[in-house]
Amino acid sequence: MAEQPNNNNAGAPGRPSGKTTNLTAGGRVPPQALDLEEAVLGALLIDKNALSRVIDILHPEAFYKEQHQLIYKAIGNLFGDNQPVDILTVAAELRKEGLMKQAGGERYLAQLSQKVSSGAHIEYHSRIVLQKHIQRELVRISSEIIESAFDETTDVLELLDTSEQKLFEVAQGNLKRNYESAEDLIRQALDRIETISKQEGLSGVPSGFAALDRVTSGWQPSDLIILAARPGMGKTAFVLSMARNMAIDHQKKVAVFSLEMSSVQLITRIISSETGINSEKLRKGDLTDGEWNQLTSGVKDLENAKLFIDDTPALSVFDLRAKVRRLHSTQGGLDLIIIDYLQLMTVGGSKAQGNREQEISTISRSLKSVAKELNVPVIALSQLSRAVETRSTSKRPQLSDLRESGAIEQDADIVSFIYRPEYYQIEEWEDGASSMGQAEIIIAKHRNGSLDDVRLRFIAELAKFSDLDQGDTITMESKMNNGPGYGSAGFNSDDTGGYTNLPTPGLEGGDVPF
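Numbering (the working numbering) for the sequence shown: 226 to 739.
Structure representation (structure tokens):
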């Protein structure tokens, strides 16, 4: 006759009593550490201080055996009610919930309490129990992926996305779990208030433009911000100026996804803005000794900036999610994600519907989903329709000018426009002030704030935006910086600052490809 199992192993794989996770599809026992689960529970039953050391490590589902899950839940309930935890109170809690028999009975609780003599090693044991749980989750997810991969009706890109999402949730949900006291929360709140105070009242991520930050209070976590303009208004120049401000001046982590320009072209623009050397000279390498010195010294701060640029063309929403998740994980979080620009993104997979308006709707929803998932503001550049150009009255953009505007406007927390009257040979603002070398950021929708217009300085020669009172000037004297085509009226169609060969899919003309 086969040897009968001891009661303290009830529920182990292949044993007659106690529920555990089923065998894997390959017939193998899932990863588990029953002895350590018993040791952890035993320590909790005899050491009143043990739970406080593991409650931020383990959750009930981390235990392999169902009996252990029930016992740990009962211990957690007692702790939450500020009741003492010992073998008698745990037994009473299980009886109250009608789970005593299902949890193994009083005899099993007594056996657990005799497993260890103290709770000295409970943290070490708990981390091993958690590791085994994560291994089981990986086995489960892998099995689901394999099953879906063999299904001929499965969309491969969707499978990649959902698979990565499940793995991301395992990492985020199991590696750290915190129950925080009022004391800890108050300390965090005070630190947050102090940080906001130092940031001049900003509750979000500073853009580096003081006038704009006064309206937005900084870009808020989980917000989707749409920045739209006609070609040539300076969309890319604006977000690059902002990315530079955030990464260098505020030490923020910024990810830029450029679907139109290469990463080298983008960083060259930032170098031009940072050093005051025109990008055409940088592209040709036609620099004087003084300019070389200025270049070398001017890029030192930029080299250390946490600025990440991806220039994958025709980026799909699935690829974007995968990339930002990995970057968010490897960099310990991101502070801002920039997409340049929305209309060049693709849906990918079987969700490509042929109807571009529906595809744009899917893309905008996905961008909002990314912002919420990572709790990071996402700025997506967008094109405006030709309606702006055909209006005989004001050229100021409005919400109805957004291409495929319905879904974009609905999903966005902020919709803003860039308007430069100078582009249309309009030399004055409506209030009579000169508009030369200036741009206006129009906040047309602000879900959680006010609507306003913010004027900034635009330095066409360097493709750079700054606050009006900042007084930026070109610091290098050269024929390239002062030659034809680089005056205050901006670039002309014959001289685009060295980027005449940029790919411009989807653009409808305009003087400058940014």
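Cβ coordinates follow ideal geometry from the N, Cα and C atoms, glycine included.
Between D536 and S487, the C-beta spacing is below 8 angstroms.
For the pair D448 and D638, the CB atoms are nearer than the 8 angstroms cut-off. With a threshold of 16 other beta carbon atoms within 10 Å, D626 meets it and is buried. The way I'd put it, the stretch 483-502 doesn't touch the stretch 436-444; fewer than three beta-carbon pairs between them come closer than 8 angstroms. Ranking A658, V464, A530 by CA distance to the CA of I643 puts V464 first.
DSSP, read as helix, strand or coil, puts A335 in helix. With 16 or more other Cβ atoms from the protein chains shown falling within 10 Å of its own Cβ, N503 counts as buried. The alpha helix (DSSP H) runs lying completely inside the stretch 251-300 and spanning 4 residues or more are 259-271, 276-279, given in chain order.
Closest in C-alpha terms to A287, from the list S442, K298, R278, comes K298. When secondary structure is reduced to three states using DSSP, H358 falls in the helix class. The beta carbon of A530 lies closer than 6 angstroms to those of A472, I473 in the same chain, with the five residues before and after it left out. Residue nearest to I282 within the set S522, I359, R320 is I359 (criterion: CA-CA distance).
Judged by beta-carbon spacing, R469 lies beyond the 8 angstroms limit of S497, meaning their Cβ atoms are not closer than that value. Between the alpha carbons of M458 and L392 lies a gap of roughly 41 angstroms. In chain order, D636 place their CB closer than 6 angstroms to the CB of R590, counting only its own chain and leaving out the 5 sequence neighbours on each side. Nearest in C-alpha terms to V489, of all of L532, G515, R455, is L532. Separation of Q356 and E262 (C-alpha to C-alpha, rounded to the nearest whole angstrom) is 12 angstroms. Taking a contact as a CB-CB distance under 8 angstroms, the pair G267 and V341 counts as one, their CB atoms being some 5 angstroms apart. Where D544 is concerned, there is no enclosing beta strand (DSSP E), although the alpha helix (DSSP H) around it starts and stops at 542-555. The three-state secondary structure of Y644, taken from DSSP, is strand.
L520 sits close to T500, with the two beta carbons spaced by under 8 angstroms. Counting along the chain, S432 sits inside no alpha helix (DSSP H), nor does DSSP assign it H or E at all. In this structure, P446 sits near V601, with a CB-CB distance shorter than 8 angstroms.
For A596, the closest alpha carbon among the candidates R611, G558, M570 is that of G558. DSSP places R494 in the helix class (H, G or I) of the three-state scheme. Shown here, T441 sits in a helix according to DSSP, grouped into three states. A Cβ-Cβ separation of about 7 angstroms places L334 in contact with L270 under the 8 angstroms criterion. Each of I666, K620, H671, I668 was checked against the Cα of P646, and the nearest Cα belongs to K620. In this chain, the alpha helix (DSSP H) harbouring A317 covers 312-321. Between the stretch 668-688 and the stretch 411-418 there are fewer than three inter-stretch CB-CB distances shorter than 8 angstroms, so the stretches are not counted as touching. For Q608, the secondary structure class from DSSP, reduced to helix, strand or coil, is strand. For V479, there is no enclosing alpha helix (DSSP H); the enclosing beta strand (DSSP E) covers residues 479-483.
Take S432, set aside five residues on each side of it, and the residues of its chain with a beta-carbon closer than 6 angstroms to its own are D438, M467, in chain order. Between V549 and A480 the beta-carbon gap is near 6 angstroms, inside 8 angstroms, which marks them as a contact.
E665 sits away from R682, with the two beta carbons spaced by 8 angstroms or more. A direct Cα-to-Cα measurement between L624 and W517 gives close to 45 angstroms.
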